[in-house]
Structures are given as structure tokens and as C-alpha cells.
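Residues in the sequence shown are numbered consecutively from 238, following this note's numbering. Idealized CB from N, CA, C, for every residue including glycine. Quick caveat, the model's predicted, so the values are computed rather than measured.
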Amino acid sequence: MTQNHFFSLNTRQHGTRVSRVKQENTTNAAIASLRIALKNYFSTYDVSKRYISIKGSTPNGEEETRLASYLSYQEKYLQTIFHFHHFLELLIKDELRSINPLLAVKLETDNAKSIMDLIQRGVDSESINNQTVEFMVAVKRLKSLAGNDCEISIIVTKYLRVLTDLNTLRNRAWHRGTYILLYSELDRFIGLNVLPCVLDFIENSQYKNTERYWKYKLPKIGLDPINMITKAVRKEKIDYSEVAFYKAIGLASYNIPTEYLTLGKRSQSPSERKANALIKGEGYEVLECFVCGKESLVSYREDDWDYDENNLPTNGWWRIYELECEECGLKVDRNLRNPHEYGINIPDLWVGGEL
238 MTQNHFFSLN
248 TRQHGTRVSR
258 VKQENTTNAA
268 IASLRIALKN
278 YFSTYDVSKR
288 YISIKGSTPN
298 GEEETRLASY
308 LSYQEKYLQT
318 IFHFHHFLEL
328 LIKDELRSIN
338 PLLAVKLETD
348 NAKSIMDLIQ
358 RGVDSESINN
368 QTVEFMVAVK
378 RLKSLAGNDC
388 EISIIVTKYL
398 RVLTDLNTLR
408 NRAWHRGTYI
418 LLYSELDRFI
428 GLNVLPCVLD
438 FIENSQYKNT
448 ERYWKYKLPK
458 IGLDPINMIT
468 KAVRKEKIDY
478 SEVAFYKAIG
488 LASYNIPTEY
498 LTLGKRSQSP
508 SERKANALIK
518 GEGYEVLECF
528 VCGKESLVSY
538 REDDWDYDEN
548 NLPTNGWWRI
558 YELECEECGL
568 KVDRNLRNPH
578 EYGINIPDLW
588 VGGEL
């Protein structure tokens, strides 16, 4: 390969350093990873809805195993695990650096107290390797400070099993690529373990008050998808369709326009015009979207008939089988229940009747 056809990377000449999102000890890449992790986890409903039935608390193991073999699910799963892991790794290292920069680099000992002793004795920082430590080493160092009134190290101790399991899943996927959780298992792992862990770490670290950088806008119906997911998976019998409903809302909430409520008369937005055009074709009706508030939620209808012995139609019925918002991208289908069955006070989505 000639020099003209090869990009020779020089980190002193190429690229640029990105700014901090909030203050000195927070990292843009961590915030980006958290957003990617959440979006991909929320997307697992969309890639699975054609392949598995998620109503009820007893998943179909055969369907889930088949889904796990599809690249579309594997991609969302891997991005979810990798980026939750990356976010927590960067956060923990930022916390170590805030105590002392040497705590985040490779040293002969992993015990933070021993490292602090080295620092107090005047260790030569020029002789220290500037390579950052691996995830579990950083966890161990921060945990070892638990007795020093370090709030974040207490959080590490509380979620040590979660961090260890997340690291195991990341390594098994990263190095071997042959092991992933099934759909319902991922819902339980993320909802019961990872989301509470992430929220606690944010609340008790320098990443507190960074929500506007990583979180979606609140949907018009006023519920918080993350909080609703963590509540849904704590129920004695988990309804995975309820979790999927909140995942669909969470994903769409990242696409809510800056202002979704406008006072007074206004012209139709492009998404509303497109929605109205669709009902002249495949669409059935345009509704107000309960996520973004636009008149751009298109319902899709299917009809069916019974036929007599002469192959003439007799009894007919119709039903709504899917809704999609042309503004925020909300997509839901009949795999889900009507929202009132989840305790959400909005009109039924899955209506139908006789023809």
C-alpha cells in the first residue's frame, strides 16, 4: 500500500480534544456513551416486535432464542452492554482523578489507600505510567476508599455485583462474541440492575445535574420512561409488553422537537402534513402523539372477512394494528396492551369493530 493510500495517524497532529460537558472532571465521551446505551436498549423492542410475543410474564424461550440469533438484536444488545460499561468506566476514572490523577493510572498496587501513601511520600509523577487502569481495577481502587467518608466509594460497594456482572457480559461479548442475554433477561438485567446503578452513580458523583446532556425530553404524557421501566420490572409478575411500551416512548422522546406545545394558531409542520397525506393511502387516522404532542401519529388499520360456501364475504371486522409518529418516530404495535392496562390515562390505541 502506497503512502497516498494509507492514513498515518499522528495523535499530535490529528484530531482535537473535546470540551467537558459541565466542569473539569466530567467527560463528553461518557455522556455520549450513556445516550448510545439508552437509545440502543430502548430500540430492542422495535427490532424484536416482529419475532416474539411479549405479552405476559412468561416469555417464549424458543422465540427468544431465535431472536438472539438475529444480527439486528445482537447489534442493539452489544451497543447497550458496551456503552453502559464505557459510561461507568469513564465516570469511575473521573472520580478517581478528582481525588488524585495517579489513582486512575496503572501502578504496582490497586489499593487506593496504598497509592495515597505513595503520593504523600512524594512519588515522582514523571516516572508513573500514564495508561489508565482497566475497569475492574478502577472499581477496586474506588471501593478501597469506602472507609474514608467517600460517598462514591460507598456506591461502588453497593453495586459491586452489578459492576462485576456488567464487566463479565462486556468481556464475553467483546473477546468471544458468543454469549448474549435473551430479550427478557436483558430487560431484567438493565431494569433491575443497571439503570438503578447508573442513576445512583450520577446522583452521587460529579455527573450530578448533567441530565440535560444525556437524557431525553419529558414526553407529553408526563411519565419518565426510565423510572417506569425500573418500576415495571420490580413487579412480582413482569409484563414485558409494559416494559416495551416505555422503551418505545423513551426512544421517541429523544426526538421530541425543542418546543412541542405552541400557543395560538399555527400552520402544520412537515411531519403533520406527511401524516395527513398518509391517511389518503395506507394510513387510517391521524392522532395527536402522546410523546411529542404533534398531530402526526398515524394509525394503520387492517380488515378481514369470513366467507360463505360460495366464497362471498359475510361477517367482517377491522382493527388498528400499528401506530407510527411522523415527527418523533414513535412506533408501537398490537404486541402491546392498551395503555390503561398499564395505568396510563390515554385513549385506547388498539380499537376495532365489525364491518
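My guess is that residue i and residue j are in contact by the Cβ rule of under 8 Å, so how many angstroms apart are they, rounded?
i: Thr447; j: Thr263; result: 7 Å
i: Leu275; j: Gly487; result: 7 Å
i: Trp555; j: Arg538; result: 6 Å
i: Ile391; j: Leu432; result: About 19 Å separates the two Cβ atoms, so there is no contact after all.
i: Ile273; j: Gln316; result: 6 Å
i: Leu586; j: Asn575; result: 6 Å
i: Tyr521; j: Ile463; result: Not a contact, Cβ separation roughly 32 Å.
Given residue i, which residues of its chain have a CB within under 7 Å of its CB, disregarding the five upstream and five downstream residues?
i: Lys502; result: Note that Lys502 scores a pLDDT of 47, beneath 50, so its modelled location is shaky; the value from the coordinates is reported in the next line. Nothing listed; no residue qualifies.
i: Asn404; result: His322, Phe372 and Met373
i: Asn297; result: Ile289 and Ser290
i: Lys454; result: Ser490 and Ile493
i: Ser285; result: Leu304, Tyr310 and Tyr420
Within the same chain, show all residues whose beta-carbon is closer than 6 Å to that of residue i, passing over the 5 residues directly before and after it, in chain order.
i: Ala341; result: Lys330, Leu333, Arg334 and Thr369
i: Tyr416; result: Arg409
i: Gln569; result: What sits at residue 569 in the sequence shown is Val, not Gln. Counting only Cβ-Cβ distances below 6 Å, and skipping sequence neighbours, we find Ala485 and Leu560.
i: Glu525; result: Glu532
i: Leu406; result: Ile318
For residue i, which option in the options has the closest C-alpha, if you only look at C-alpha atoms?
i: Leu344; options: Glu371, His323 and Phe321; result: Glu371
i: Ala266; options: Leu429, Tyr450, Lys568 and His412; result: Tyr450
i: Cys387; options: Gly414, Asn441, Ile427 and Asn430; result: Asn441
i: Lys452; options: Ala489, Glu539, Ile391 and Glu473; result: Ala489
i: Leu325; options: Asp402, Asn548, Leu460 and Glu522; result: Asp402
i: Ala305; options: Glu591, Gly293, Ser421 and Glu525; result: Ser421
i: Gln443; options: Ser506, Arg249, Val523 and Ile389; result: Ile389
i: Tyr483; options: Leu567, Leu327 and Leu246; result: Leu567
Taking only the alpha-carbon atoms, compute the straight-line gap between residue i and residue j and give it to the nearest angstrom.
i: Glu578; j: Ser536; result: 20 Å
i: Tyr314; j: Ser270; result: 14 Å
i: Ala375; j: Leu534; result: 46 Å
i: Ile475; j: Leu397; result: 25 Å
i: His251; j: His320; result: 25 Å
i: Arg413; j: Pro456; result: 39 Å
i: Leu436; j: Lys468; result: 14 Å
i: Tyr544; j: Glu591; result: 14 Å
i: Gly459; j: Ser478; result: 19 Å
i: Gln311; j: Gly580; result: 32 Å
i: Thr394; j: Leu328; result: 15 Å
i: Asp540; j: Thr551; result: 13 Å
Spatial neighbours of residue i within its chain, please: CB distance less than 8 Å, with the 5 preceding and 5 following residues excluded, ordered by chain position.
i: Thr302; result: Leu419
i: Val470; result: Asp424, Arg425, Gly428, Leu429 and Val480
i: Lys445; result: Ile439
i: Leu500; result: With a pLDDT of 44 at Leu500, under the threshold of 50, the predicted position of this residue should be treated as unreliable, though the coordinate-derived value follows. Here the set comprises nothing.
Flag residue i as yes when its Cβ comes closer than 7 Å to any non-hydrogen atom of the ligand HEM, and as no otherwise.
i: Asn572; result: The ligand HEM is absent from the structure shown, which contains no ligand whatsoever.
Segment contact flag, the segment 553-565 with the segment 270-281, C-beta cutoff 8 Å, min 3 pairs: No: the two stretches stay apart, fewer than three of their Cβ pairs being nearer than 8 Å.
At least 3 beta-carbon pairs within less than 8 Å: the segment 486-494 vs the segment 520-531: Touching, per the Cβ criterion.
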